[in-house]
Amino acid sequence: MTKPYKTVVFLFRRDLRLSDNTGLRKAFALAEHVLPCFIFDPRQQHDKNDYFTAHGFQFLIESLEDLERQLKAAGGTLYRFSGLPHEIVERLIEQCGAEAVLVNRDYTPFSRLRDGELQALCARRRVFFGQYPDLLLNEPGRALTEAGTPFRVFTPYYRRASQIDVPPPQTLKVSDFYDGQIEFARSVDLYDELLTKRNERAHVRGGRDNGLAILRQLGEFNDYGHSHDAVAQAGTTSLSAHHKFGTVSIREVYHALKKKLGASCEEIIRQLYWRDFFTQLAFFNPSVFGKSLKTRFEGMQWDNDESHFNAWCEGRTGFPMVDAGMRQLNETGWMHNRARLVTGSFLTKNLLIDWRWGERYFARQLVDYDPCVNNGNWQWIASVGVDTRPIRILNPWTQQQKFDSQAEYVKRWVPELRELEPKAIHQLHKARPPVLHGYPSPMMDHAQQFHVARQRYALTGDEQAD
Numbered sequence: 026m027t028k029p030y031k032t033v034v035f036l037f038r039r040d041l042r043l044s045d046n047t048g049l050r051k052a053f054a055l056a057e058h059v060l061p062c063f064i065f066d067p068r069q070q071h072d073k074n075d076y077f078t079a080h081g082f083q084f085l086i087e088s089l090e091d092l093e094r095q096l097k098a099a100g101g102t103l104y105r106f107s108g109l110p111h112e113i114v115e116r117l118i119e120q121c122g123a124e125a126v127l128v129n130r131d132y133t134p135f136s137r138l139r140d141g142e143l144q145a146l147c148a149r150r151r152v153f154f155g156q157y158p159d160l161l162l163n164e165p166g167r168a169l170t171e172a173g174t175p176f177r178v179f180t181p182y183y184r185r186a187s188q189i190d191v192p193p194p195q196t197l198k199v200s201d202f203y204d205g206q207i208e209f210a211r212s213v214d215l216y217d218e219l220l221t222k223r224n225e226r227a228h229v230r231g232g233r234d235n236g237l238a239i240l241r242q243l244g245e246f247n248d249y250g251h252s253h254d255a256v257a258q259a260g261t262t263s264l265s266a267h268h269k270f271g272t273v274s275i276r277e278v279y280h281a282l283k284k285k286l287g288a289s290c291e292e293i294i295r296q297l298y299w300r301d302f303f304t305q306l307a308f309f310n311p312s313v314f315g316k317s318l319k320t321r322f323e324g325m326q327w328d329n330d331e332s333h334f335n336a337w338c339e340g341r342t343g344f345p346m347v348d349a350g351m352r353q354l355n356e357t358g359w360m361h362n363r364a365r366l367v368t369g370s371f372l373t374k375n376l377l378i379d380w381r382w383g384e385r386y387f388a389r390q391l392v393d394y395d396p397c398v399n400n401g402n403w404q405w406i407a408s409v410g411v412d413t414r415p416i417r418i419l420n421p422w423t424q425q426q427k428f429d430s431q432a433e434y435v436k437r438w439v440p441e442l443r444e445l446e447p448k449a450i451h452q453l454h455k456a457r458p459p460v461l462h463g464y465p466s467p468m469m470d471h472a473q474q475f476h477v478a479r480q481r482y483a484l485t486g487d488e489q490a491d
């Protein structure tokens, strides 16, 4: 059967795989020849992007190297470019005679701007531009209230969204790849040019093979509901970076969880829907990138003490669980989710530092940095977003004792405290041992700061401490 297009450009972005790739599958269905590309947009590089993450960029490069191997095995080549996507694509239309450009849809303000530029170019050049849902279980607008509006509370969103069927993963039927020379394509040396140093201590490594290895081990998480908060244990999947860059599809993850865990998979699958929820929230409320969802908190008086912020960034606050989390983040690009909650609460409620400072710092460090998810989590822990509780103040001492009772996590990342018994570590705010190898005293009294935070948030009795 004759296909409608001779040559189609497919742009890889957050979908670095061949299997179960919605847009790529469509490209092969529509075209005689598919031209697979990846474009490094200078607007996203470190010198022009205040939210650039070196850890995430390393994961991206590793995933692209793996994608090149996948394409080579299938008889294709990944064409690499550096420049503004709409300018690169216009040159491809001129040189290769491309008649269509296909992408999988993304939802951040930057992504929508970039794809708007591509759409305008294609309209001007009379080239078909196709966008397809691939990133989420349910793209924004699919799970809405009865009134047709976006949910602002997770639980009713989850009830609605989880009723929508998730299609099984689809295999890719490869036909012919474009195999011509493109004079302005970059060589593989571009990777070493852009990534001059690699972190061998990275928590996770990129590439589909590594993502599939995690999927094969999902059966080990049958106690996720009880164990995922224990910060010293490997109780979480570490799939978040693979979600970010799409080395495995969200449908592959969903159905692997159903198959491996059966009835015990609900708690872990809820986390996939949190990702969808925060993405939909940001899609319909793009002002959250820079402003609190609860606009009354835009007048919040923050202390924004730079010396306190730097101590938090470096893991030198004198609160062991906070410091362990920040040091883990700085060294590996990842932090356990419970530690993310504790460090976020500490920054916003104890230090009274603007949540946007923390959002930006995490963005620069996280290997799994996802703008919508990171923003949603920071607004949630700062009590300025979707959290239904008026103000949530986590006590770092009780959190530490509850979720790291033997201080294994603390000792792993704060070596100054390795000689101490767990009880002594949990009581550092009450009794300071004579030998701490330079570990600082707690920056403040949490109980006192709790009351300061209550006053600052202008609440009168609805506060809750955990």
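To convert, note that position 400 of the sequence shown is 425 in the numbering used here; the numbers rise steadily by one, no gaps. Think of the CB as a built atom: it goes at the ideal place given N, C-alpha and C, for glycine as much as any other residue.
Discussion item. With three or more C-beta pairs closer than 8 angstroms as the rule, is the region 78 to 92 touching the region 48 to 59?
Written reply: no
Discussion item. Below 8 angstroms on the Cβ atoms is my contact criterion, and I expect ASN235 with GLN83 to pass it. Report the Cβ-Cβ distance as a whole number of Å.
Written reply: Contact doesn't hold; Cβ gap of about 13 angstroms is too wide.
Worksheet item: Counting contacts by CB-CB distance shorter than 8 angstroms, is LEU376 in contact with chain C?
Response: Among the protein chains of the structure shown there is no chain C, as only one such chain exists.
Worksheet item: Exposed or buried, which one is LEU138 when buried takes at least 16 other CB atoms within 10 Å?
Response: exposed
Worksheet entry | Pick from ARG341, PHE35, ASN46, GLU57 that is closest to MET26, judged by C-alpha positions | GLU57
Worksheet item: Would you call LEU243 buried or exposed, if buried means 16 or more other Cβ atoms sit within 10 Å of its Cβ?
Response: buried
Worksheet item: For PRO193 versus LEU143, is the C-beta spacing smaller than 8 angstroms?
Response: no
Worksheet item: According to DSSP, what are the bridge partners of CYS62?
Response: LEU36, TYR104
Practice prompt. Excluding the 5 residues preceding and the 5 following ASP395 in the sequence, name in chain order all residues of the same chain whose CB lies nearer than 6 angstroms to its CB.
Written response: LYS269
Worksheet item: Where DSSP assigns a beta bridge to GLY155, which residues make up the other side?
Response: LEU127
Practice prompt. Kindly indicate the opening and closing residues of the alpha helix (DSSP H) around HIS80.
Written response: 79 to 98
Fill in: Distance, ASN129 Cα to ASN163 Cα
14 angstroms
Discussion item. Quick check on the burial criterion: 16 or more other C-beta atoms within 10 angstroms. Buried or exposed for GLN326?
Written reply: exposed
Worksheet item: Out of curiosity, what's the CA-to-CA distance linking ILE189 and ALA168?
Response: 8 angstroms
Worksheet item: Which residues in the same chain as ASP393 place their Cβ atom closer than 6 angstroms to its Cβ, once the five residues preceding and following it in sequence are excluded?
Response: SER265, ALA266, LYS269
Practice prompt. Round the Cβ separation of GLN425 and HIS451 to the nearest angstrom and send it over; I've been treating them as touching at under 8 angstroms.
Written response: 6 angstroms
Discussion item. Check for me: the alpha helix (DSSP H) holding PHE309 runs from which residue to which?
Written reply: 291 to 309
Practice prompt. Provide the residue(s) that pair with TYR30 in DSSP beta bridges, ordered along the chain.
Written response: ALA56
Fill in: Beta-carbon proximity of GLY383 to GLY369, cut-off 8 angstroms
yes
Practice prompt. Mind the definition here: the region 401 to 418 touches the region 305 to 321 only if three or more C-beta pairs lie below 8 angstroms; say whether that holds.
Written response: yes
Practice prompt. Go through its chain and collect everything with a Cβ distance to THR305's Cβ below 7 angstroms, but skip five positions before and after it.
Written response: Sequence check: residue 305 is Gln here, not Thr. Excluding residues within five positions, the ones whose Cβ falls inside 7 angstroms are PRO165, PRO175.
Fill in: Where the alpha helix (DSSP H) containing MET346 begins and where it ends
345 to 357
Practice prompt. Please classify PHE428: does DSSP put it in a helix, a strand, or coil?
Written response: helix
Worksheet item: How about LEU146 and VAL114: are their beta carbons less than 8 angstroms apart?
Response: yes
Worksheet item: Run through DSSP, which three-state label would PHE202 get?
Response: strand
Worksheet item: In three-state DSSP terms, what is ARG481?
Response: helix
Fill in: Whole-number beta carbon distance between VAL256 and TYR434, since they are thought to touch under 8 angstroms
4 angstroms
Worksheet item: What distance in whole Å lies between the Cβ atoms of PRO467 and GLY343, which are believed to be in contact at a cut-off of 8 angstroms?
Response: 4 angstroms
Worksheet item: By Cβ distance below 8 angstroms, which residues in the same chain neighbour ASP491 in space, the five residues on each side in sequence not counted?
Response: Residue placement at ASP491 is poorly supported in this model, since its pLDDT is 49, which falls under 50; the coordinates are not used for a value here.
Fill in: LYS427 versus ASP254 - alpha carbon distance
9 angstroms
Fill in: Distance CB(TYR298)-CB(ALA186) smaller than 8 angstroms
yes
Worksheet entry | Span separating the alpha-carbon of GLN489 from that of GLY350 | Here GLN489 scores only 49 on pLDDT, less than 50, and its place in the model should not be relied on; the value that follows carries that caveat. Rounded to whole angstroms, GLN489 to GLY350 spans 23 angstroms at the Cα level.
Fill in: Straight-line Cα distance separating GLU245 from ASN310
37 angstroms
Practice prompt. Taking the CB atoms as reference points, tell me whether LEU366 and ILE406 lie closer together than 8 angstroms.
Written response: yes
Discussion item. Taking the alpha carbon of ARG341 as the reference point, which residue from VAL199, GLY205, TRP438, GLY100 has its own alpha carbon closest?
Written reply: TRP438
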